[in-house]
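Residue numbers (full-length UniProt numbering), protein chains in the order written: chain A, 1 to 587; chain B, 1 to 163. Cβ atoms here follow ideal geometry from the backbone N, Cα and C, with glycine treated the same way. Step one of this worksheet: look at the structure below.
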């Protein structure tokens with residue numbers, strides 16, 4: 001065949017080649033396939049790691065495909081071998097909890113900062129007003145001001161049916177009714193493409209962006225799927241492209257699922273991962289800068305100042321209360337209630353002995369402000385030693401003749417007092433509560449006799465005058481029968497009487513009284529009437545004469561004879577001279 | 001959960017919107033019906049085997065002055081032609097709409113004769129009606145006012161979409 005090469009031979013050659021190939025490789029390359037099949041394990045095993053690595057490096061598809069598989073495996077594993085997993089995880093949980101608490105705290109602090117920054121800066125307040133004016137929620141307004149753009153929500157929609165296959169959003173609350181919105185969006189798109197599509201142009205008109213003042217729906221169209229992103233702010237081209245790429249990628253990844261779509265959206269759940277990649281945002285440059293929340297700082301400072309002021313006030317109030325409470329240490333004062341009232345005043349209820357220091361005096365002595373006290377006071381008697389001492393000292397001021405000496409709080413009195421005054425002093429001392437031993441105290445006080453009294457108070461003079469008068473009036477001298485001679489005994493009596501009478505006359509002078517002594521003689525019934533009359537007179541005169549002899553001036557003496565005193569009894573009892581002091585005021 | 005799109009079509013005034021009004025959960029106002037010619041509501045139907053979420057596209061009443069937007073039918077799993085037993089014309093128009101739909105789609109359809117609470121006032125005989133019904137999987141006689149057969153009708157559609 002090689003020697004006669006011509007055109008006719010060419011098909012033969014090819015047929016021969018095919019034959020040869022079939023012989024070597026086997027029918028339909030059976031031999032090679034068989035060899036490969038036999039050694040598949042080794043061949044793939046040699047390169048599998050490298051292949052995965054290369055593919056992963058090329059694009060991230062491997063991870064994407066593997067993730068749901070791994071997730072499912074782990075889920076199954078955990079379900080079936082939960083005991084072991086508990087064992088594995090147990091030592092980690094503590095650390096995990098601590099870490100998450102730390103994370104929570106730092107997030108909380110960050111959020112608080114954010115709130116302060118957004119709420120308590122001038123800008124924050126301005127934004128709040130503007131948000132209110134434009135009728136959007138504050139958070140939306142903040143987002144629109146803070147972000148160059150922010151993808152709030154991404155929807156994946158089946159184009160033909162308008163059914164929502166999956167959706168992801170920044171916050172849970174935004175994702176409501178995505179299915180109705182998806183369907184309506186499809187309808188609106190149909191409406192628009194039908195209404196504005198040109199009749200001649202067969203290509204369909206489609207919505208690409210629906211835009212409001214600060215919100216836009218970016219619609220990326222694939223052959224079967226729509227990817228719709230709800231975006232605040234102005235979206236840059238590269239992000240728009242990213243949506244398109246994501247949509248294409250999902251088409252590629254879920255080609256089979258899309259082709260067999262029967263309304264069951266479960267198969268598209270893993271697509272959430274790709275959709276989440278589209279939830280991007282970019283901060284405004286100025287928002288990234290740390291703003292100083294001047295207003296917050298001011299407010300904070302004010303708060304601190306306010307609290308310090310209140311604290312200081314409260315401290316002062318407490319101090320004042322404590323100082324005032326010290327009044328309880330004063331003798332004769334019992335604090336029954338003390339409490340703060342108002343910002344700086346104090347309500348004070350006490351029981352006070354009249355002898356104790358007054359609250360005002362005490363406060364002045366402590367240099368405390370008396371105007372801040374509302375005082376209610378009740379009186380009581382205190383037995384405390386200092387007050388007893390006060391009372392005794394005060395009492396003794398009325399008795400200048402008595403001196404007092406304190407030793408170890410025990411008083412000793414000394415001095416000379418007339419008996420009457422001594423008695424009254426004793427009475428007063430007894431009246432002092434807590435001093436029951438008046439007599440012991442008074443043992444050092446000597447009684448002074450009345451006759452040398454220099455005290456010429458009329459009461460005392462009068463008393464003395466009356467005592468003397470009584471003494472004189474009770475004197476009787478007796479005589480023998482029929483006699484008018486004075487016996488010795490009678491003379492003694494008259495001697496005493498004369499001295500008493502002298503004192504009485506002196507007292508009467510001081511009292512400015514006129515005084516006189518009536519000397520009455522009497523006799524018994526023995527003998528004649530005339531005789532007896534004369535005898536009685538003689539007896540009276542005898543007594544008078546004797547008194548004159550003792551130095552009594554005669555004009556004070558008036559002697560009369562009473563004669564027989566008509567009393568039933570007779571005998572010595574009636575042979576007498578009796579006396580009576582009469583006094584009368586000067587005319 | 002399985003989601004299915006269905007469409008309600010019919011002449012004006014047969015009570016399509018009333019049929020879904022008390023039966024569904026919706027967020028869009030009825031003014032959309034006149035604005036873009038469709039209002040969409042959803043309803044989860046609990047069939048014993050599984051749950052189906054029906055996306056009910058309530059299309060604007062179709063009459064001689066106003067055609068219908070065929071694009072709204074895309075992707076629908078079933079549709080219902082709604083007529084009104086008090087107006088003979090409504091069945092004629094309903095059948096016309098049915099034919100128009102058939103030109104672009106072969107999805108299953110049911111016939112709904114609404115206003116069953118009112119007396120029959122059209123001149124179609126039982127036989128004539130049965131003749132028309134043959135073109136549908138099944139026909140229902142409903143009342144949007146009393147709710148008679150409404151739930152059964154939607155449940156049947158839901159089952160239909162799963163076939």
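Against chain B, with Cβ distances strictly below 8 Å, would residue 160 of chain A count as a contact? So yes, residue 160 of chain A belongs to the interface.
In angstroms with no decimal places, state the Cα-to-Cα distance between residue 134 of chain A and residue 127 of chain A. Cα to Cα, the separation comes out at about 10 Å.
Proximal chain B residues relative to residue 215 of chain A, where beta-carbon distance stays under 8 Å: Within chain B, no residue comes near residue 215 of chain A; the closest Cβ sits about 17 Å away, beyond 8 Å.
Of all the CB atoms in chain B, is at least one closer than 8 Å to the CB of residue 219 of chain A? Residue 219 of chain A has a beta carbon lying at 8 Å or more from every beta carbon in chain B.
Using a Cβ-Cβ cut-off of less than 7 Å, list which residues of the stretch 96 to 108 of chain B approach chain A; keep chain order. Under the 7 Å Cβ criterion, the stretch 96 to 108 of chain B contributes no residue.
Report the partner residues of residue 147 of chain A according to the DSSP bridge assignment. DSSP lists A:283 as partners of residue 147 of chain A.
Backbone CA spacing between residue 158 of chain A and residue 255 of chain A [nearest angstrom]: 12 Å
Quick one: using the 10 Å Cβ neighbour count with 16 as the cut-off for buried, is residue 75 of chain B buried or exposed? buried
Thinking just about the alpha-carbon of each residue, which of B:111, B:1, B:148 is nearest to the one in residue 49 of chain B? B:1
Inter-residue spacing [alpha-carbon to alpha-carbon] between residue 430 of chain A and residue 324 of chain A: 35 Å
Under 8 Å: do the stretch 483 to 495 of chain A and the stretch 511 to 518 of chain A share three or more Cβ pairs, one atom per stretch? no
Which of helix, strand or coil DSSP assigns to residue 78 of chain A: helix
Looking at chain B, which residues of the stretch 169 to 196 of chain A have a Cβ within less than 7 Å of any of its Cβ atoms? 177, 179, 180, 183, 184, 187, 188, 190, 191, 194
Hey, out of A:31, A:163, A:80, A:564, whose CA is closest to residue 42 of chain B's CA? A:163
If residue 136 of chain B sits next to residue 110 of chain B, beta carbons under 8 Å apart, how far is it from one beta carbon to the other, in whole angstroms? 5 Å
Cβ shell of residue 420 of chain A (< 7 Å), same chain only, five flanking positions each side left out: Cβ neighbours of residue 420 of chain A beyond the five flanking positions: none.
Quick test of your reading: residue 360 of chain A and residue 370 of chain A, contact by CB under 8 Å. State the CB separation rounded to the nearest angstrom. In this structure residue 360 of chain A touches residue 370 of chain A by the C-beta definition: roughly 5 Å separates them, less than 8 Å.
Integer Cβ distance of residue 185 of chain A from residue 218 of chain A, believed to fall under 8 Å: About 12 Å separates the two Cβ atoms, so there is no contact after all.
What are the residues that DSSP puts in a beta bridge with residue 7 of chain B? Residue pairing by DSSP places residue 7 of chain B opposite B:57, B:79 in a beta bridge.
Under 8 Å by beta carbon: chain A residues contacting residue 36 of chain B: 187, 188, 191
Would you give the residue range spanned by the alpha helix (DSSP H) that residue 563 of chain A belongs to? Counting along the chain, residue 563 of chain A falls outside any alpha helix (DSSP H), though it belongs to the beta strand (DSSP E) covering 557 to 564.
Cβ-Cβ separation, residue 346 of chain A to residue 321 of chain A (assumed contact under 8 Å), whole Å: About 6 Å separates the beta carbons of residue 321 of chain A and residue 346 of chain A, which is inside the 8 Å limit, making them a contact pair.
Quick one: is residue 69 of chain B near chain C, going by C-beta distance under 8 Å? Considering every chain present, this structure includes no chain C. Its protein chains are A and B.
Does the count of Cβ pairs from the stretch 2 to 10 of chain B and the stretch 68 to 88 of chain B closer than 8 Å reach three? yes
Using beta carbons (cut-off 8 Å, strictly below), is residue 212 of chain A in contact with chain B? For residue 212 of chain A, the answer is no, since every Cβ of chain B falls outside 8 Å of its Cβ.
Go ahead and pull the three-state DSSP assignment for residue 212 of chain A. Residue state, collapsed to three classes: coil.
Whose Cβ in chain A lies nearer than 9 Å to the Cβ of residue 77 of chain B? The answer, in chain order, is 161, 262, 263.
Listed by chain order, chain A residues near residue 159 of chain B by CB distance under 8 Å: Correct list: empty, because the minimum Cβ distance to chain A is about 13 Å.
Please list the partners that residue 132 of chain B has in chain A, where partner means a Cβ-to-Cβ separation under 9 Å. Residues of chain A passing the Cβ test: none, with the nearest at roughly 28 Å.
Taking the alpha helix (DSSP H) that residue 179 of chain A belongs to, which residues open and close that run? For residue 179 of chain A, the enclosing alpha helix (DSSP H) begins and ends at 178 to 196.
Residue ranges of each beta strand (DSSP E) run of no fewer than 3 residues wholly in the stretch 369 to 411 of chain A, ordered along the chain? 373 to 379, 403 to 407
In this structure, does DSSP put residue 520 of chain A in helix, strand or coil? Residue 520 of chain A: strand per DSSP, three-state reduction.
Quick one: give me the first and last residue of the alpha helix (DSSP H) that residue 277 of chain A is part of. Neither: residue 277 of chain A is in no alpha helix (DSSP H) and is coded neither H nor E.
Classify residue 27 of chain A: buried if its beta carbon has 16 or more other beta carbons within 10 angstroms, exposed otherwise. exposed
Take the Cβ of residue 38 of chain B as the centre, count every other Cβ of all protein chains shown within 10 Å, and call the residue buried at 16 or more, exposed below. Looking at its Cβ environment, which holds 16 or more other Cβ atoms inside 10 Å, residue 38 of chain B is buried.
For residue 331 of chain A and residue 444 of chain A, the rounded distance between their alpha carbons: Residue 444 of chain A and residue 331 of chain A: Cα-Cα distance of roughly 29 Å.
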